[in-house]
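In terms of the numbering used here, the sequence shown is residues 1 to 371. Every residue gets a Cβ at the ideal spot worked out from N, C-alpha and C, and that includes glycine.
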Amino acid sequence: MEKTFHMIGGEDEASYSRNSSHQRLILRKVKPILEECIQQLLRDMKETDLPNNCIKVADLGCCSGPNTFLTIQLMIKSIDKTWSKISNTKLPTIQYFLNDLVSNDFNLVFKGLPRVYENLEKENGRKCGSFLIAAMPGSFHGRLFPDSSMHFLHSSYSMHWLSQVPRGLVMESGMPKNKGKSICAIKTSPSNVHQAYVDQFTRDFTTFLRMRSQEMVKYGQLLLTFLCQDSEEVEGSHYLLLMGMALSDMVTEGHIEEEKLDTFSLPIYEPSIQEVKQIIEDEGSFKILRFQNFKTCLDASFESRTLDDGIVRARYVATYLRAVFGPILESHFGESIMDGLFHRYQNKLVNLVEKRQGLLNNLVISLRREW
Ligand SMILES: C[S@@+](CC[C@H](N)C(=O)[O-])C[C@H]1O[C@@H](n2cnc3c(N)ncnc32)[C@H](O)[C@@H]1O
Numbered sequence: 001m002e003k004t005f006h007m008i009g010g011e012d013e014a015s016y017s018r019n020s021s022h023q024r025l026i027l028r029k030v031k032p033i034l035e036e037c038i039q040q041l042l043r044d045m046k047e048t049d050l051p052n053n054c055i056k057v058a059d060l061g062c063c064s065g066p067n068t069f070l071t072i073q074l075m076i077k078s079i080d081k082t083w084s085k086i087s088n089t090k091l092p093t094i095q096y097f098l099n100d101l102v103s104n105d106f107n108l109v110f111k112g113l114p115r116v117y118e119n120l121e122k123e124n125g126r127k128c129g130s131f132l133i134a135a136m137p138g139s140f141h142g143r144l145f146p147d148s149s150m151h152f153l154h155s156s157y158s159m160h161w162l163s164q165v166p167r168g169l170v171m172e173s174g175m176p177k178n179k180g181k182s183i184c185a186i187k188t189s190p191s192n193v194h195q196a197y198v199d200q201f202t203r204d205f206t207t208f209l210r211m212r213s214q215e216m217v218k219y220g221q222l223l224l225t226f227l228c229q230d231s232e233e234v235e236g237s238h239y240l241l242l243m244g245m246a247l248s249d250m251v252t253e254g255h256i257e258e259e260k261l262d263t264f265s266l267p268i269y270e271p272s273i274q275e276v277k278q279i280i281e282d283e284g285s286f287k288i289l290r291f292q293n294f295k296t297c298l299d300a301s302f303e304s305r306t307l308d309d310g311i312v313r314a315r316y317v318a319t320y321l322r323a324v325f326g327p328i329l330e331s332h333f334g335e336s337i338m339d340g341l342f343h344r345y346q347n348k349l350v351n352l353v354e355k356r357q358g359l360l361n362n363l364v365i366s367l368r369r370e371w
């Protein structure tokens, strides 16, 4: 995961940069909560808590493309607006860290930075030097920043990715526990598969919180948005179940070897709301300020009104999911099956989008470092 995992980079038609409007919609929906967090953070923090009048923030799992830049804009505007309301002193310097895994397309991000600086100067009057952007490549499951240095950490649509495929998905006989069922843990997965994913998520999320608690100042805030389980999910409507079914069809049709599919599992887990709460409480460094969820349709960000039919919508969904899952699927199954796989996947999604099923359940939590 740490060395090779990535979304589709660049700016081609298939790239994450061109196919991430769903994640952008989520950023916009969470904007009022982001503003609220920044307000509370700056109120909790006295000016003396900002050494060198510098506030340090980071976006964890920033990826590359318009969402990376939108997040920068949202955070900076929010800090500036709040500061002007609560203090009549000079705006603090902002040091902004872009974090993602080393295979992320950071070059694309760097190329877009001059534009970001220009816009911030035009719209916020932020002069060069009062706002400094740096990259911090590496896994957020490990340490990223010095002790007690960070004020605000944000992460959207990244925390459901695990540090690895859970161990223990194979029985002693060598038979995969998930055989023929799915490529991750979903509602209908066998309980031992589910448990292996819960254990991995618990380890990863606990480590994540522990690392951040060491890096954050007292009263620093963490805002996390990620996918969680939908307890009201319609049976058989999970989008990753359908991806597993498309792969299974390709085994039946002889395009993929059965063993290849049996040895594939995705390092992704959508925890239940209770699991997340319990891990935060057990880890103990953070106070929960906000804990809420909202659902979105898979095609919620589809904007065209002229081609409003299921096939077009399903193609839209399959394309943005390919920008996310394409690289990891390709590294296991090979490039040659990819078009066929996503064509079959798109066909399976039609029914789902037409019935407005397969909802994504988005969990938003804000946490405050208490001591
Ligand atoms: C779906 S993208 C979300 C990107 C962006 N935040 C957005 O809202 O569009 C998920 C990102 O999380 C990153 N990611 C996954 N696991 C990570 C980890 N352990 N450390 C840092 N980044 C990680 C991926 O590389 C990917 O860029």
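Inset, instruction - For Asp-147, count neighbouring C-beta atoms within 10 Å of its own C-beta (all shown protein chains included) and say buried if the count is 16 or more, exposed if not. - result: With fewer than 16 other Cβ atoms inside 10 Å of its own Cβ, Asp-147 counts as exposed.
Inset, instruction - Flag Gly-125 as yes when its Cβ comes closer than 6 angstroms to any non-hydrogen atom of ligand 3, and as no otherwise. - result: Only ligand 1 can be found as ligands here, which leaves ligand 3 out of the picture.
Inset, instruction - Measure the C-alpha to C-alpha separation of Ser-231 and His-238 and round it to an integer number of angstroms. - result: When rounded, the distance between both Cα atoms is 12 angstroms.
Inset, instruction - Please classify Met-372: does DSSP put it in a helix, a strand, or coil? - result: This structure leaves residue 372 out entirely; the chain is present only between 1 and 371.
Inset, instruction - Please state if the CB of Gly-220 and the CB of Met-136 are separated by a distance shorter than 7 angstroms. - result: No. Outside cutoff.
Inset, instruction - Sort out for me which residues DSSP pairs Gln-292 with in a bridge. - result: In the DSSP assignment, the residues bridged to Gln-292 are Val-364.
Legend entry - Limits of the beta strand (DSSP E) - the one that Met-216 falls within: That run of the beta strand (DSSP E) goes 216-228.
Inset, instruction - With DSSP as the reference, label Asn-99 as helix, strand or coil. - result: In the displayed model, Asn-99 falls within a strand according to three-state DSSP.
Legend entry - Same chain, Cβ closer than 7 angstroms to Ala-246, neighbours up to 5 away in sequence not counted: Taken in chain order, the residues that qualify are Leu-341, Arg-344, Tyr-345, Lys-348.
Inset, instruction - Inspect the CB distances between the stretch 62-78 and the stretch 7-21 and report whether three or more fall short of 8 angstroms. - result: Enough Cβ pairs lie closer than 8 angstroms, so yes.
Legend entry - Alpha-carbon to alpha-carbon, Val-57 and Phe-294: Each residue's Cα considered, the two are about 25 angstroms apart.
Legend entry - Where the beta strand (DSSP E) containing Met-150 begins and where it ends: Note, Met-150: beta strand (DSSP E), 150-156.
Inset, instruction - Find out if the Cβ-Cβ distance for the pair Phe-152, Leu-266 is shorter than 7 angstroms. - result: Result no, Cβ atoms of Phe-152 and Leu-266 do not sit closer than 7 angstroms.
Inset, instruction - Check whether the Cβ of Asp-105 lies closer than 6 angstroms to any heavy atom of ligand 1, and answer yes or no. - result: Incorrect: Asp-105 has no Cβ contact closer than 6 angstroms to ligand 1.
Legend entry - Sequence ranges, beta strand (DSSP E) only - wholly within the stretch 256-294, length at least 3: As far as the stretch 256-294 is concerned, it has no whole beta strand (DSSP E) run of at least 3 residues.
Inset, instruction - Compute the minimum distance between the beta carbon of Met-338 and the heavy atoms of ligand 1, and state whether it is under 6 angstroms. - result: Met-338: no, Cβ never under 6 angstroms from ligand 1.
Inset, instruction - For Arg-167, count neighbouring Cβ atoms within 10 angstroms of its own Cβ and tell me buried if that reaches 16, exposed if not. - result: With fewer than 16 other Cβ atoms within 10 Å, it is exposed.
Inset, instruction - Check the DSSP bridge columns for Cys-54 and list the partner residues they point to. - result: Thr-93.
Legend entry - Asp-59 classed as buried or exposed, judged by whether at least 16 other C-beta atoms fall within 10 angstroms: Note on Asp-59: 16 or more other CB atoms within 10 angstroms of its CB, so buried under the neighbour-count rule.
Inset, instruction - Helix, strand or coil for Arg-369, going by three-state DSSP, please let me know. - result: It is a strand residue.
Legend entry - Asp-59 (DSSP reduced to helix, strand or coil): Reduced to three states, the DSSP call for Asp-59 is strand.
Inset, instruction - Can you grab the Cα-Cα spacing for the pair Glu-215 / Arg-143, in whole Å? - result: Looking at the two C-alpha atoms, the distance is approximately 8 angstroms.
Inset, instruction - Give me the Cβ distance between Ile-311 and Leu-240, rounded to the nearest whole Å; I'm assuming they're in contact under 8 angstroms. - result: No, Ile-311 and Leu-240 are not in contact; Cβ-Cβ is about 21 angstroms, not under 8 angstroms.
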